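Okay, so here's the structure we're looking at.
Numbering (the UniProt record's numbering), first residue to last: 1 to 381.
Dropping the structure here:
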């Protein structure tokens, strides 16, 4: 009988002195004729045309794999959250310095909280009465306002990998010769690339960091200005750092933090994006997903997708080993979602029968995500 139920995890969470909890996940996306993320031409373009583009690739063990950058995946994810109701932080571009930054306001904009930011800027120094302080003295700038550094940075609580093909790709089969022929005269030839593969990726969400901000004057740790810090405390609370109790952190209400964590993961049900969708449309919603809450930041599901006889598949042995080796760090049941028609030859019932003391829930993609997010109420504390 599988007795490590959610109520058991609730008791473990209650007794944990250090609550460094992470959502860890691995996903698979089945794509056909995709051209999701590209760069300029490279040596794999073979049609001899001037107008070319190539899909992004990496090489491992002498074999080529198609790639979607982590930045592209995050862009789709963020856009999906905007379509799901989040008010996204506005972006300001300073053309003269070739820099761009968001509003860096995680109190008002949930995406600044989840995706992080860096905003380097200065502001006029004011005295206690609100008057601008001048440089003064004998400086040639004595009549100008005295400036103070208000640079803020935030490391994203959401970490994600690149998306890369489980199986290697044949570079010679990538190229697709195309032409524009609706105009008078000769056709305009161009070359693009596409691939059919299973992409794998993983992500981790640091639940302790969601809605939690420091103002320590160190790069990556000064998340907010003193003013924003105080605003967070008006409705939230001040908590100790997990490692250094002398460092204080401002934390939003747990209800807000839970909503942000849940909505971040729920967005995977509707995520969409990618290049060349007009003629090479594919879905980038996961066809397989595994989710769990663990104590600690190492994603245990990173090696469960493998190549076998030229095909992508799940290694039940690797998945079983990952769960068995990390039982002591689990703070939730295991949730696995798989779309019907995808890897139907892989039996998750074998996994469920061989692991007796951890509850493994299997369902469709959307139901799995919905059910998993419900348990975040017990670990976002």
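All C-beta atoms in this analysis are idealised placements derived from N, C-alpha and C, irrespective of residue type, glycine included. If you're wondering where the values come from, they're calculated on a predicted model, not measured in any experiment.
Apart from the five residues on each side of it in sequence, which residues of its chain come closer than 8 Å, Cβ to Cβ, to residue 78? 88, 111 and 115
Return the Cβ separation of residue 248 and residue 238 in integer angstroms, given the expectation that the two are a contact with Cβ distance under 8 Å. 5 Å
Work out the CA separation of residue 225 and residue 96 for me, nearest whole Å. 25 Å
Who are the near neighbours of residue 349 in its chain, counting only those whose CB is closer than 6 Å to its CB and skipping five residues on each side? none
If I'm right that residue 100 touches residue 91 with Cβ under 8 Å, what's the distance once you round it to whole angstroms? 6 Å
Between the Cα of residue 118 and those of 153, 371, 24 and 273, spot the shortest distance and give me the residue it belongs to. 153
Three or more C-beta pairs below 8 Å linking the region 275–295 and the region 27–41: yes
Nearest to residue 158 by CA position, among 174, 108 and 74, is which residue? 74
Could you give the first and the last residue of the continuous beta strand (DSSP E) run that contains residue 100? 99–102
Within the same chain, show all residues whose beta-carbon is closer than 6 Å to that of residue 262, passing over the 5 residues directly before and after it, in chain order. 373 and 376
Check each candidate in 102, 266, 347 and 120 and name the one with the smallest Cα separation from residue 25. 266
Exposure of residue 385, with buried meaning 16 or more beta-carbon neighbours within 10 Å: With the chain running from 1 to 381 in the structure shown, residue 385 is simply not present.
Contact the region 304–317 vs the region 51–59: 3+ CB pairs below 8 Å: no
Starting from the N-terminal side, write out each stretch of the beta strand (DSSP E) that is 3 residues or longer and does not extend beyond the region 58–83. 63–68
Which residue comes first and which comes last in the beta strand (DSSP E) that contains residue 384? Because the chain spans 1 through 381 in this model, residue 384 falls outside it and cannot be assessed.
When the distance is taken between beta carbons, is residue 318 closer than 7 Å to residue 303? yes
Per-residue burial, residue 1 [other beta carbons within 10 Å of its own, 16 or more giving buried]: Confidence at residue 1 is low in this model, with a pLDDT of 36, below 50, so its placement is unreliable and the value that follows should be read with caution. Counting Cβ neighbours within 10 Å, residue 1 comes out exposed, since fewer than 16 surround it.
Residues bridged to residue 190 by DSSP? 178
Beta-carbon proximity list for residue 296, same chain, < 6 Å, skipping 5 on both sides: 329
DSSP three-state assignment for residue 304, whether helix, strand or coil: coil
Give every residue of the same chain whose Cβ lies closer than 8 Å to the Cβ of residue 12, excluding the five residues on either side of it in the sequence, and list them in chain order. 331
Residue environment, residue 305, which counts as buried when at least 16 other CB atoms sit within 10 Å: buried
Going by beta carbon distance, what residues of the same chain come within less than 7 Å of residue 168, once the five residues before and after it are set aside? 63, 64 and 65
Label residue 243 either buried or exposed according to how many other C-beta atoms from any shown protein chain fall within 10 Å of its C-beta, with 16 as the threshold for buried. exposed
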